[in-house]
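Asks: Structure incoming, see below.
In our numbering, the protein residues as written are 13 to 115.
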């Protein structure tokens with residue numbers, strides 16, 4: 013039992029590294045006009061497709077039906093949508109639409 017506590021405490025310790033690891037996408041789907049993604053850090057993030065087009069991340073003419081077929085590329089760092097030949101980086105989903113990288 014003591015060993016189990018040690019393992020749990022070790023798991024809960026913050027990890028510090030020089031390189032910050034970006035979250036990767038492990039699954040995604042389109043439902044009710046939203047892109048719903050699961051990240052490898054445990055988060056599930058839902059973004060309205062209208063917002064992705066409003067902020068120019070995806071073309072304004074993109075419809076949710078065009079995004080239903082998608083592929084995860086580069087170990088989950090990008091979602092590729094073959095019907096519109098566009099990619100969506102995981103960092104946009106992970107950091108949010110208003111992150112400083114978009115400005």
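Where is the CB? At the ideal position from N, CA and C, for every residue including glycine.
1) Can you grab the Cα-Cα spacing for the pair residue 98 / residue 37, in whole Å?
2) Report yes if the C-beta distance between residue 49 and residue 96 is below 9 Å; otherwise report no.
3) According to DSSP, is residue 117 part of a helix, a strand, or is it coil?
4) Return helix, strand or coil for residue 57, following the three-state DSSP convention.
5) Per DSSP, which residues does residue 94 bridge with? Please list them.
Replies: In brief:
1) Distance between the alpha carbons of residue 98 and residue 37 is about 16 Å.
2) no
3) Residue 117 is absent from the model: the chain starts at 13 and stops at 115.
4) strand
5) The partner list for residue 94 (beta bridge, DSSP) is empty, contrary to what the question assumes.
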